[in-house]
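The structure under discussion appears below in the form of structure tokens.
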DNA sequence: AGGTTTCTGGATTACATGATCCATCTTGGT
DNA sequence: ACCAAGATGGATCATGTAATCCAGAAACCT
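Structure follows, in structure tokens:
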């Protein structure tokens, strides 16, 4: 696939990034369908030809946005040490606080796109699937470490727990977005933390 | 609000229902943005004037679809007795099996719409919020009964647990839809069931 | 410096799609 | 039987919006 990626000049790279950044923000605010390429073009201070010079079409731009957002999210995530209960709690507080600050608008920058593109854009769905796999792996890493250190019950399955935690986060963000209230998000994450606490054991 | 709902004749009601049903199916398959009123019109064997006779505009139709889907979902849900661990497990199996049968396509009939309309259609968001409140109340009812019967630890909070369970379901469905694999859904629900089992106590 | 590639501006096109209109038919009440 | 309200058909309109095109400027390489 991706045959000969034309190399970008310094200026070109900057323009491309400006476009992706503008698109990411707009899409997070209003969703893919309600974000027009015209809006992206204006917000990025670019022209139509620039946009279509760097991206084949709108779906290609959306895929670039997904990857960009996934990088950001996972980067933020990895500032926390998810191999301890305290670290998990800090992460939970961070996520809930962030939701509160933004009045729960937009939901998850990539999760919100999921339902919108999954059934109509196979390629975007694939990019999303890969992104969520990376994300889950990042959470799992913490739990695996916890497990290896003997702080987690031997029969606990870090993969399953990580998947469930990510699902709780996604569902919590979605409900919070719809209710405009962080309570469901807090409840979902607290439930997972309680379960993990239950599986904790002193070394 | 809703000033003088024009009364519908038997035939009119049937047409209206045909339109909502067709719209519900198409929207579940492809999302709101990718479902055109023309498609709905054809799938329902109706004409444009019929569609706009029963609904002010597309958003109004979408709101009707949300309410219809919420009724269906909650109706299905209430065939299970969520006041026992066995009943919860049956419900879990039903949901996971249904996802498997449909190859995880479409996700949740109302959850998938959430991200798509929440930021752009305040009225639809309100309808969704009310629907999820009803849904949560339905789950909570089971847990409250469990609690009242003394089968749940006194310090357990049925409201928080119900919210977390609904979030786990939504997040699980979303991840399953994106991955085309029911595993995340199963993991999310199993985690909640394990937590609830932990909070169980013999009478 | 020359030539090739990359980048940019902006006008223009093509079309999908939500919505309207009006004439006509059907239904239901009294 | 009659009339008002409701229901229907289908053509038509209006416009938002993705995508194209070409001319020309800037950047890069040797």
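Residue numbers (the working numbering), protein chains in the order written: chain H, 53 to 255; chain E, 53 to 255. The beta-carbon is built from N, C-alpha and C at its ideal position, and this holds for glycine as well. Just so you know, these numbers come straight off a predicted model, no measurement behind them.
Quick check on DSSP: helix, strand or coil for residue i?
i: residue 253 (chain H); result: coil
i: residue 204 (chain E); result: strand
i: residue 67 (chain E); result: helix
i: residue 157 (chain E); result: coil
i: residue 268 (chain H); result: Beyond the ends of chain H as shown, which are 53 and 255, falls residue 268 (chain H); an answer cannot be given.
i: residue 59 (chain E); result: coil
i: residue 54 (chain E); result: The pLDDT assigned to residue 54 (chain E) is 40, lower than 50, so where the model puts this residue is not dependable; a value taken from the coordinates is nonetheless given after this. DSSP places residue 54 (chain E) in coil when its eight states are reduced to three.
i: residue 173 (chain H); result: coil
i: residue 152 (chain H); result: helix
i: residue 166 (chain H); result: helix
Skipping 5 residues on each side, what residues in its chain have a beta carbon closer than 8 angstroms to that of residue i?
i: residue 139 (chain H); result: 132, 133, 194
i: residue 53 (chain H); result: Note that residue 53 (chain H) scores a pLDDT of 36, beneath 50, so its modelled location is shaky; the value from the coordinates is reported in the next line. Answer for residue 53 (chain H): no residue qualifies.
i: residue 119 (chain E); result: 179, 183
i: residue 107 (chain E); result: 71, 113, 116
i: residue 137 (chain H); result: 245, 248, 249, 252
i: residue 233 (chain H); result: 156
i: residue 330 (chain H); result: Lying before the first or after the last residue shown, residue 330 (chain H) is absent from chain H, which here runs from 53 to 255.
i: residue 158 (chain H); result: 80, 81, 164, 229
Report all residues from its chain with a CB closer than 6 angstroms to the CB of residue i; omit the five preceding and five following residues, and keep chain order.
i: residue 87 (chain E); result: 78, 79
i: residue 56 (chain H); result: Confidence is the limiting factor: at residue 56 (chain H) the pLDDT is only 48, short of 50, which leaves the residue's position unreliable and the question unanswerable from this model.
i: residue 169 (chain H); result: 176
i: residue 227 (chain H); result: 236
i: residue 231 (chain E); result: none
i: residue 210 (chain E); result: 192, 195, 196, 199
i: residue 173 (chain H); result: 111
CB-CB under 7 angstroms to residue i, same chain, minus the five flanking residues each way: which ones, in chain order?
i: residue 142 (chain E); result: 132
i: residue 126 (chain E); result: 186, 187, 190
i: residue 115 (chain E); result: 175, 176, 179
i: residue 110 (chain H); result: 89
i: residue 95 (chain E); result: 74, 78
i: residue 166 (chain H); result: 180
i: residue 85 (chain H); result: 168
i: residue 213 (chain E); result: 195, 248
i: residue 93 (chain H); result: 99, 100, 103
i: residue 160 (chain E); result: 222, 225
field: Sufficient close CB pairs (3 or more, under 8 angstroms) joining the region 175-184 of chain H to the region 151-158 of chain H
entry: no
Contiguous alpha helix (DSSP H) assignments of at least 4 residues, all confined to the region 184-250 of chain H: 210-231, 235-250
- request: Kindly provide the ranges of any alpha helix (DSSP H) runs that are 4 or more residues long and lie completely inside the region 66-139 of chain E, ordered along the chain.
  value: 89-95, 100-106, 110-129
message: Along the region 75-86 of chain H, where does the CB come closer than 7 angstroms to a CB of chain E? Name the residues.
response: 81, 82, 83, 85, 86
query: If you measure beta-carbon to beta-carbon, which residues of the region 153-170 of chain H are closer than 7 angstroms to chain E?
result: 157, 158, 159, 163, 164, 166, 167, 168, 170
- request: Taking only beta carbons into account, state which residues of the region 235-255 of chain E come closer than 8 angstroms to chain H, listed in chain order.
  value: 235, 236, 237, 239, 240, 242, 243, 244, 246, 247, 250
field: Cβ pair count under 8 angstroms reaching 3, the region 61-70 of chain E against the region 234-253 of chain H
entry: no
field: Segment contact, 8 angstroms Cβ cut-off, at least three pairs: the region 209-224 of chain E with the region 211-228 of chain H
entry: yes
- prompt: What residues in the region 89-111 of chain H bring their beta carbon closer than 7 angstroms to a beta carbon of chain E?
  reply: none
- request: Select from the region 205-225 of chain E all residues with a C-beta closer than 9 angstroms to any C-beta belonging to chain H, and list them in chain order.
  value: 209, 211, 212, 213, 214, 215, 216, 217, 218, 219, 220, 221, 222, 223, 224, 225
Residues within the region 169-183 of chain H neighbouring chain E, beta-carbon criterion of under 7 angstroms: 170, 171, 172, 177, 180, 181
Chain-ordered residues of the region 112-134 of chain H with a beta carbon less than 9 angstroms from chain E: none
- request: Give the residues from the region 185-204 of chain E that approach chain H closer than 7 angstroms (Cβ to any Cβ), ordered along the chain.
  value: none
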